[in-house]
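Data first, discussion second: the structure below is written as structure tokens.
In the numbering used here, the protein residues as written are 1 to 195.
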């Protein structure tokens, strides 16, 4: 995979052309006003395992994923990531320990309120007691045996890259059912670690 410069354009799904194209300003994308920014955190234990949570309700019900959600008003992306991590599995961490690994855009044509951008972090330093929440059931998985068959369809494309310490920018376009991937493009980039 070719390493792109830090200024590589973001990508979005052009529904008319049915393909993902570069686009530098999401605010001009139809429906982008409804876009909500999200965070996603993947804790790693240093013993070859990753902590995932199985969604117990809402979008992605039954799927394994990292821990995260929508930013609240006045909150930074990193503050959002740490709040969601604690709310969903009981772990604490410091902002400085979040390692930015991906800048993603999720396009859902059937529901513009669901289309959103998100920052993905890995976390190797944390404290607390792992416990289930009303939204997520946490469980450790070997990095060699992730449950991709029970994860989002595109995860098997980009998660292996971030687990190899690569930084990725990508766009995933979903079909009307909200689960099937129409198209997905990921590029290895150098991301601004301050986000």
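Don't be surprised by glycine CBs; every beta carbon is placed ideally from N, CA and C. Fair warning: this is a prediction, and the values are worked out from it, not measured in the lab.
Spatial neighbours of residue i in its chain, beta-carbon cut-off 8 Å, leaving aside the 5 residues before and after
i           : result
residue 127 : 91, 92 and 93
residue 150 : 54, 62, 63 and 64
residue 75  : 83
Where residue i falls, given that 16 or more other Cβ within 10 Å makes a residue buried
i           : result
residue 171 : buried
residue 190 : exposed
residue 136 : buried
residue 88  : buried
residue 147 : exposed
residue 117 : buried
residue 167 : buried
Residue j beta carbon less than 8 Å from that of residue i
i          : j           : result
residue 82 : residue 139 : no
Own chain, CB closer than 6 Å to residue i, minus 5 neighbours either side, in chain order
i           : result
residue 131 : 90
residue 95  : 78
residue 66  : 40, 41 and 42
C-alpha gap between residue i and residue j, whole angstroms
i           : j           : result
residue 124 : residue 114 : 29 Å
residue 36  : residue 70  : 7 Å
residue 154 : residue 169 : 13 Å
residue 184 : residue 60  : 18 Å
residue 73  : residue 80  : 10 Å
residue 186 : residue 100 : 15 Å
residue 56  : residue 152 : 15 Å
Close-in-space but distant-in-sequence residues of the same chain around residue i (CB under 7 Å, 5 per side omitted)
i           : result
residue 142 : 48 and 49
residue 103 : 119, 169 and 191
residue 108 : 114, 115, 174 and 178
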